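S.K.: My structure is below; once you've seen it, I'll send some questions.
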Amino acid sequence: MLLSLGQFVFGTLTAPFSEMQRRRTWKFASNSRVGARDARQFTGPGDDTFTMQGMIATGVLGTPISMDLISEMANTGDAYVLVDGRGIVYGAYVIDELHETHSYFTILGAPLKIEFTLTVTRVDDRSLAASVDGGVATSEPTNGSLDKAPAGATPPYVKPKKPKAKKG
Numbered sequence: 001m002l003l004s005l006g007q008f009v010f011g012t013l014t015a016p017f018s019e020m021q022r023r024r025t026w027k028f029a030s031n032s033r034v035g036a037r038d039a040r041q042f043t044g045p046g047d048d049t050f051t052m053q054g055m056i057a058t059g060v061l062g063t064p065i066s067m068d069l070i071s072e073m074a075n076t077g078d079a080y081v082l083v084d085g086r087g088i089v090y091g092a093y094v095i096d097e098l099h100e101t102h103s104y105f106t107i108l109g110a111p112l113k114i115e116f117t118l119t120v121t122r123v124d125d126r127s128l129a130a131s132v133d134g135g136v137a138t139s140e141p142t143n144g145s146l147d148k149a150p151a152g153a154t155p156p157y158v159k160p161k162k163p164k165a166k167k168g
């Protein structure tokens with residue numbers, strides 16, 4: 001596994017990428033001053049964008065169906081967790097763009113080679129929690145969310161141990 005975006009796993013059987021670029025920005029508000037450089041104040045993190053470039057060689061490397069699956073994921077507008085093969089969780093990302101270049105066609109018009117570029121951008125992690133909870137992206141997580149669970153609460157799927165009866 002190279003990377004997973006939600007339930008979609010990038011790998012040699014699906015859609016392998018050969019290059020991945022990450023672009024991160026930070027926001028600053030500026031105020032003009034006479035006779036001096038502008039004053040700047042940090043206002044928070046900006047965009048965090050990944051761009052992956054790869055190739056599918058039909059019958060050899062990957063499958064063209066992967067492009068359709070990624071497109072369907074993008075059509076939902078949902079955020080997906082981005083995790084790399086080392087287990088590093090980057091956060092919640094939405095699919096911004098998917099570019100495909102088809103070439104080397106069979107006699108039936110099916111492409112033997114598909115080059116793709118996928119761009120995903122990080123969103124507020126609350127949008128992911130809202131989609132899991134069934135809420136809306138701007139709402140706070142609802143009951144049942146792991147974010148709001150008390151630290152010492154026992155999860156509902158853990159049954160308490162029954163006291164053992166003493167022999168005697």
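Residues 1 to 168 in full-length UniProt numbering are what the sequence shown spells out, letter by letter. All C-beta atoms in this analysis are idealised placements derived from N, C-alpha and C, irrespective of residue type, glycine included. Keep in mind the model is a prediction, meaning the values are calculated, not measured.
Alpha helix (DSSP H) containing Ile56: first to last residue?
M.R.: In the sequence shown, residue 56 corresponds to position 56, counting from 1. Element bounds for Ile56: not the alpha helix (DSSP H) but the beta strand (DSSP E), Ala39 to Ala57.
S.K.: Tell me whether Ser139 sits in a helix, a strand or coil according to DSSP, three-state version.
M.R.: For the purposes of this step, residue 139 is identified with residue 139 of the sequence shown, where counting begins at 1. With a pLDDT of only 48 at Ser139, under the threshold of 50, the placement of this residue in the model should not be trusted, and no figure is reported.
S.K.: Under the three-state reduction of DSSP, which class applies to Asp96: helix, strand or coil?
M.R.: As a first step, residue 96 is located in the sequence shown; it is residue number 96 there, counting from the start. Asp96 falls in the strand class under three-state DSSP.
S.K.: Using DSSP's beta-bridge definition, name the partner residues of Ser103.
M.R.: Against the sequence shown, residue 103 aligns to sequence position 103. Per DSSP, the beta bridge partners of Ser103 are Lys113.
S.K.: Between which two residues does the alpha helix (DSSP H) harbouring Ala74 extend?
M.R.: Translated into positions along the sequence shown, residue 74 becomes position 74. Run containing Ala74: Ile65 to Thr76, per the alpha helix (DSSP H) assignment.
S.K.: Nearest-angstrom Cα distance between Arg33 and Pro64?
M.R.: For this step, residue 33 is matched to residue 33 along the sequence shown. For this step, residue 64 is matched to residue 64 along the sequence shown. C-alpha separation (whole angstroms): 56 angstroms.
S.K.: Any heavy atom of the ligand GTP closer than 8 angstroms to the beta-carbon of Gly11?
M.R.: Only the bare structure without any ligand can be found here, which leaves the ligand GTP out of the picture.
S.K.: Can you tell me where the beta strand (DSSP E) holding Val9 begins and where it ends?
M.R.: Reading the sequence shown from its first residue, position 9 is the one you call residue 9. Run containing Val9: Phe8 to Phe10, per the beta strand (DSSP E) assignment.
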